[in-house]
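Counting from 9, one number per residue, gives the positions in the sequence shown under our numbering. The beta carbon of each residue, even a glycine, is placed where N, CA and C say it ideally should be. One structure is given here, and the rest of the page talks about it.
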Amino acid sequence: MLVFLLYLVLGAVAGVLAGLFGIGGGMVIVPALIFAFGAQHVPTEVLTHLAIGTSLACIITTSISSIYTHNQKGGVLWSIFASCTLGILIGAMLGVQTAVMLPGPLLQKFIGVFAILVAIQMAFNLKPKAGRELPGKPGMVAAGGVIGWASAIFGIGGGTLTVPFLTWCNVRMQQAVGTSAALGLPIAISGALTNIVEGWNVEGLPEWSLGYVYLPAVLGIMIASTPFARVGAKLAHRLPAHVLKRAFAVLLVIVGVRFLVSG
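Here you go:
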């Protein structure tokens, strides 16, 4: 029961931060799960992969909620969604298989580098300037493949990668964010299912694991993250956003350095 309460709290924190900063919950959930699973004495050989798979499973419900909200405001470009989805599904599956081939400590170092890069982007508000039009169907499938592949490795919904790509391709920011939220769903589904298959008979996983997905964490995080994301969104309109973003960027740097040093 105490462990489940921990994941409720984690879901609440992830939801608030996601609402505050507009980042995917995976950027918060993966590092937190790595620390939580370490405290539960999950073997290091499976700890990082379990955190990534569990994060992707959590993103399924948050993506559905986010899609509904953005679509009501006309923020989802379904033509882009249709063009990218095949690449996303294949890329996410390959991303999980790539992550599984990497030892957990090395994977944590990659996550550490990624966290630091995201922190730099947030701290300095770096955004690509619109410089081209959307590519054709093959180009969109390829872009989806790269986004799905990288997102599944890091256990995120892809917004950190999809929004800059769509902005670069002259998509308005509101629609880039909404379409990115929609594309998080196939990333999460493909990534979570592949993690279940890849981790099905792996030894050392804790009880109540479904492959590389830890069900108590998924349940606790899903219950708390969606309502608290609304709290975070409301706070974002009342608090100084630039100060909060830089404070969170510092936290991401600390987490990233910690993974680089001890991962």
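Annotation: the continuous alpha helix (DSSP H) that includes Glu-53 extends over 52-80.
By the neighbour-count definition (other C-beta atoms within 10 Å, threshold 16), Gly-186 is a buried residue. Distance between Leu-13 and Met-35, taken at the CA atoms: about 21 Å.
For Leu-94, the closest alpha carbon among the candidates Pro-51, Gly-240, Gly-147 and Glu-215 is that of Gly-147. Less than 8 Å divides the Cβ of Ala-225 from the Cβ of Tyr-15.
Within the DSSP bridge table, the entry for Val-221 names Leu-218 as partners.
CA-to-CA, the gap between Gly-163 and Ala-59 works out to about 8 Å. By the criterion of at least three beta-carbon pairs nearer than 8 Å, the region 220-238 is in contact with the region 43-60. C-alpha of Ser-233 to C-alpha of Leu-260: approximately 19 Å in a straight line. In this model, Ala-196 and Pro-248 are separated by some 31 Å (Cα to Cα).
Leu-134: not part of any alpha helix (DSSP H); DSSP gives it neither H nor E. Judged by DSSP in its simplified three-state form, Gly-165 adopts coil rather than helix or strand. Per DSSP, the continuous alpha helix (DSSP H) segment holding Pro-194 begins and ends at 181-206.
Within the same chain, Cβ atoms closer than 8 Å to the Cβ of Val-84 are found at Ile-75, His-78, Gln-183, Gly-186, Thr-187, Ala-189 and Ala-190, the five residues on either side in sequence being excluded. When C-alpha distances from Ala-257 are compared across Gly-166, Ser-71, Met-101 and Asn-133, the shortest belongs to Asn-133. Across the set Ala-150, Gln-116 and Leu-174, the C-alpha of Leu-174 shows the shortest separation from the C-alpha of Lys-137. The Cβ neighbour count for Glu-206, taken over all protein chains shown within 10 Å, is at least 16; the residue is labelled buried. By the criterion of a C-beta distance shorter than 7 Å, Met-181 is surrounded in its chain by Thr-175, once the five residues flanking it on both sides are discounted. Between Phe-236 and Val-24, the C-beta gap is smaller than 8 Å, which places the two residues in contact. Taking the Cα of Leu-102 as reference, the smallest distance to any Cα among Val-171, Gly-152, Gln-129 and Val-121 is reached at Gly-152. In the three-state reduction of the DSSP assignment, His-49 falls in the coil class, being assigned neither a helical nor a strand state. Residue environment: Gly-19 is assigned as buried (16 or more neighbouring CB atoms within 10 Å of its CB, all protein chains considered). Under a 10 Å Cβ-count criterion, Ile-42 is classified as buried, with 16 or more other Cβ atoms of the shown protein chains found around its own Cβ.
Gly-264 and Val-126 have their C-alpha atoms roughly 10 Å apart. The beta carbon of Ile-88 sits closer than 6 Å to those of Thr-187, all from its chain and outside the five residues before and after it, given in chain order. Residues Ala-59, Ile-60, Ser-63, Ile-119, Phe-162, Gly-163 and Ile-164 of the same chain have their beta carbon placed closer than 8 Å to that of Val-38, with the five preceding and five following residues left out of the count. Counting the other CB atoms within 10 Å of its CB gives Leu-115 a total of 16 or more, which places it among the buried residues.
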